[in-house]
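Mature numbering (1 follows the signal peptide of the UniProt record, and there is no 0) puts the sequence shown at residues -18 to -1, 1 to 451. One structure is given below, encoded as structure tokens.
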Amino acid sequence: MFILTVIKLLLIALNIFPSRFTNRRIMFLIYMTNLVTHVMMDEPRFAQPIPNVTVAVGRDANLPCVVEHLGGYKVAWIHIDRQMILTIHRHVISRIPRYSITYTDNTWLLHVNQAHQDDRGYYMCQVNTNPMISQVGYLQVVVPPNILDIESTPSSVAVRENQNINMTCRADGFPAPKIIWRREDGEEIAVEKKKKVLVYDGDVLPLTKVSRNEMGAYLCIATNGVPPSVSKRIILDVEFSPMIWVPNQLVGAPSGTDVTIDCHTEAHPKAIIYWVYNSVMVLPSKKYKTDYTENSYRAHMKLTIRNLQYGDFGNYRCISKNSLGETEGSIRVYEIPLPSTPSKQVTHTTVESRENNIIPSSRNDTTKSLQTDVGYAMKNDLYPGSASSSSSGGSSSAASSSSTSMQTSALPGGAAGNSLSSVGSKGSLAIGKSMFYTERPPNEYSSSVAGLLLHRALLLGSGFYLALL
């Protein structure tokens, strides 16, 4: 304003002086120019604008104000948002001890120590000229994200299978954080009518008709560009009553061998699993070996029965129970005879003769061997107690093997049909097959002897028919 006033006076003076006084006019212009230049050089002015400063909460911030030709004038700092005078010249006016001022080389530096969110806003640097001159800078105080546990889902939550659940994750910070969800195991998340995504955006994760496959740990991650990002781990437990799957419901094995039966079970909460035989819980011993393998809500239970004897054959039950229910599976272990050595020799001879187109030398030997096998099998069924002694006396090498168990998932269609299915239409064995007698396991241990005699009579008749061909 003062400069404008001087220029106006100069123009008025030029209009007053007559044009004939040219030298005086020139001298006056030179004088007034020097005066204006001197005034302008001595007037305070800002050398550069105040920069906008960004600082994380709790850190220190500095706002510079560079003033040239200050002279006898004074500089003040004002927080506009609070309408608070902070400093005047080198004196701190504010009662907030975190503010301070320093002066070096025409620079008035405002210090904000351990910045709070309240310190965010516009700051004015002002010089008390007439009229006043000032400039403004902005202090941005950013805050890293922080998850609000009170407003979020607890770290562990349970839901019944096929029900709906919404998991919530709230966070604050500045700028406002962005929330994403992931599964800790890297699997996809089923949302919006079973649409599967690896990452879900939003504060609330909706899960509908939850299945046991969705059980596990979920990560809620909050980020806003201010390090560090934070996350919360939420474990989702899907509760359901026990289920059991039995791979083999029928397991056959000879006496004197070892056999292993197994069950697969799924349950949550964790179930109590055990084996029962003859209404008594099976405990680990020299006779029994139990093995349990658990993985999340799945469990695999095995039972090994050593040195099978007559009293070991029967129904074994695998049982699984938790707070929501109980279930069981049944496995029947039955005895099968060991194949005798003569029958194996006849089988190999027949197959070799068929391959070389040579007729066996004696059909009587074949008939005798078949009768021996049928009689041996009948003896084992009629007198089960003699199976162990007969097999150990007649064929010690076969009885010593513990890997000859036969496993099936359903009852055989017919013992005689299975036994003779490898016999050709002309009385010889099919190439690549061996003759092995097995029978349908009895429905009860007290099966009638008459039924067994009828069954073996059919086998005997088939054997004689084979020999006579």
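All C-beta atoms in this analysis are idealised placements derived from N, C-alpha and C, irrespective of residue type, glycine included.
For residue 290, which residues does DSSP report across the bridge? In the DSSP output, where bridge partners are listed per residue, residue 290 has none listed.
By a C-beta neighbour count over all protein chains shown, 10 Å radius and 16 as the cutoff for buried, is residue 114 buried or exposed? Exposed is the call here.
Cβ atoms of residue 105 and residue 71: under 8 Å apart, would you say? It is not a contact, given that the beta carbons lie outside the stated cut-off.
Could you name each continuous beta strand (DSSP E) segment of 3 residues or more that falls completely within the stretch 42 to 97, going from the start of the chain to the end? 43 to 50, 57 to 61, 66 to 70, 81 to 86, 89 to 94
Who are the near neighbours of residue 384 in its chain, counting only those whose CB is closer than 6 Å to its CB and skipping five residues on each side? Its pLDDT being 36, under 50, residue 384 is placed unreliably by the model, and nothing is read from it.
Under 8 Å by Cβ, that's how I've got residue 55 and residue 68 pegged, so tell me the actual separation to the nearest angstrom. Residue 55 to residue 68, Cβ: 18 Å. No contact.
Could you tell me whether the Cβ atoms of residue 101 and residue 123 are closer together than 8 Å? yes
Taking the beta carbon of residue 280 as the centre, do at least 16 other beta carbons fall within 10 Å, making it buried, or is it exposed? exposed
Mark residue 181 as exposed unless 16 or more other C-beta atoms lie within 10 angstroms of its C-beta, in which case mark it buried. Around the beta carbon of residue 181, fewer than 16 other beta carbons lie within 10 angstroms, which makes this residue exposed.
Relative to the alpha-carbon of residue 85, which residue among 261, 45, 118 has its alpha-carbon at the smallest distance? 45
Across the stretch 249 to 256 and the stretch 174 to 189, are there enough close Cβ pairs to call them in contact, namely three or more that are closer than 8 Å? no
What is the rounded straight-line gap between the Cα of residue 131 and the Cα of residue 50? Distance between the alpha carbons of residue 131 and residue 50: 53 Å.
Beta-ladder partner(s) of residue 285, from DSSP: Answer is 243, 272, bridged to residue 285.
Opposing strand residues paired with residue 103 [DSSP bridges]: 121
Who are the Cβ neighbours of residue 189 in its own chain at under 6 Å, not counting the five residues just before and after it? 147
Going by beta-carbon coordinates alone, are residue 217 and residue 204 separated by less than 8 Å? no
Cut-off 6 Å between Cβ atoms - residues of its own chain near residue 225, not counting five sequence neighbours on either side: 248
Taking only the alpha-carbon atoms, compute the straight-line gap between residue 165 and residue 171 and give it to the nearest angstrom. Distance between residue 165 and residue 171, taken at the CA atoms: about 7 Å.
Taking only runs that begin and end inside the stretch 152 to 222, name each unbroken beta strand (DSSP E) of 3 or more residues, in chain order. 153 to 156, 160 to 165, 171 to 173, 177 to 179, 186 to 189, 198 to 205
Exposed or buried, residue 121, counting other C-beta atoms within 10 Å across all chains shown (16 or more means buried)? buried
Going by beta carbon distance, what residues of the same chain come within less than 6 Å of residue 162, once the five residues before and after it are set aside? 181, 183, 203
Helix, strand or coil: which one does DSSP assign to residue 369? For residue 369, the predicted model reports a pLDDT of 36, less than 50, meaning its position is unreliable; a value from the coordinates is still stated below. Residue 369: helix per DSSP, three-state reduction.
According to the Cβ coordinates, are residue 143 and residue 221 closer than 8 Å? In this structure, residue 221 lies closer than 8 Å to residue 143 by Cβ.
Can you give the Cα-Cα distance for residue 159 and residue 207, rounded to whole angstroms? 8 Å
For residue 152, count the other beta carbons within 10 Å of its own beta carbon; 16 or more makes it buried, fewer makes it exposed. Which is it? Within a 10 Å sphere around the beta-carbon of residue 152 sit 16 or more other beta-carbons, which makes this residue buried.
Please return the same chain residues whose Cβ sits closer than 8 Å to the Cβ of residue 266, not counting the five positions on each side in sequence. Closer than 8 Å at the Cβ level, and outside the excluded window around residue 266, lie 272.
What residues in its chain sit with their C-beta under 7 Å from that of residue 185, if we drop five residues either side in the sequence? 150, 151, 152, 161
Inter-residue Cα distance where the pair is residue 117 and residue 210: The straight-line gap from Cα to Cα measures roughly 34 Å.
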